[in-house]
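Have a look at the structure below before the remarks.
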Amino acid sequence: QVQLVESGGGLVQAGGSLRLSCAASGSIFRGNTMAWYRQAPGKQRELVAFVTPRSRTNYADSEKGRFTISRDNAKNTVYLQMNNLKPENTAVYYCNKFPVGNYWGQGTQVTVSS
Numbered sequence: 028q029v030q031l032v033e034s035g036g037g038l039v040q041a042g043g044s045l046r047l048s049c050a051a052s053g054s055i056f057r058g059n060t061m062a063w064y065r066q067a068p069g070k071q072r073e074l075v076a077f078v079t080p081r082s083r084t085n086y087a088d089s090e091k092g093r094f095t096i097s098r099d100n101a102k103n104t105v106y107l108q109m110n111n112l113k114p115e116n117t118a119v120y121y122c123n124k125f126p127v128g129n130y131w132g133q134g135t136q137v138t139v140s141s
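Every letter in the sequence shown is one number past the one before it in our numbering, and letter 86, counting from 1, is 113.
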């Protein structure tokens, strides 16, 4: 069964931190580069970061030094540690393969207040 379940979002003040988790089915996770994406109100979905099966990482320029993506291959789970959050990081965050697959989970809402 194809499954992507994101969690860990919430409301946080600017400068705060959150850790997002995404539990994926093996058919999506195993052997694939996994990524976090986000979609802010009125904007297109964008790539935030990705991690290869061997844990090489890449980040959007705006998040370098503040966000850390990681994966646990034994748990089919990908994480996003977000530090020093800014109001412009407010969005629904999704995980998926990179390049994207056709199936999306429900996402997790991140709201950063100023």
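C-beta atoms are modelled at their ideal positions from N, C-alpha and C, and glycine is treated no differently.
Check	Outcome
Determine the extent of the alpha helix (DSSP H) in which F94 is found, giving its start and end residues.	Careful: F94 lies outside any alpha helix (DSSP H), inside the beta strand (DSSP E) at F94 to D99.
With DSSP as the reference, label N116 as helix, strand or coil.	helix
Please go through the same chain and pick out, in chain order, the residues whose beta-carbon is closer than 7 Å to the beta-carbon of S141, but skip the five residues on each side of it.	A41 and P114
Any idea what DSSP makes of F56, helix, strand or coil?	helix
Can you name, in chain order, every residue of its own chain whose Cβ lies under 7 Å from the Cβ of V6, other than the five neighbours on each side?	What is shown of the chain runs 28 to 141, which leaves residue 6 out entirely.
So, with DSSP's three-state summary, where would you put S82?	coil
For K70, which option in N116, N123, E90 and F77 has the closest C-alpha, if you only look at C-alpha atoms?	N116
Reducing DSSP to helix, strand and coil, say where S48 ends up.	strand
Would you call the CB atoms of F94 and Y106 closer than 8 Å?	no
To the nearest angstrom, how far is the alpha carbon of R98 from that of L45?	16 Å
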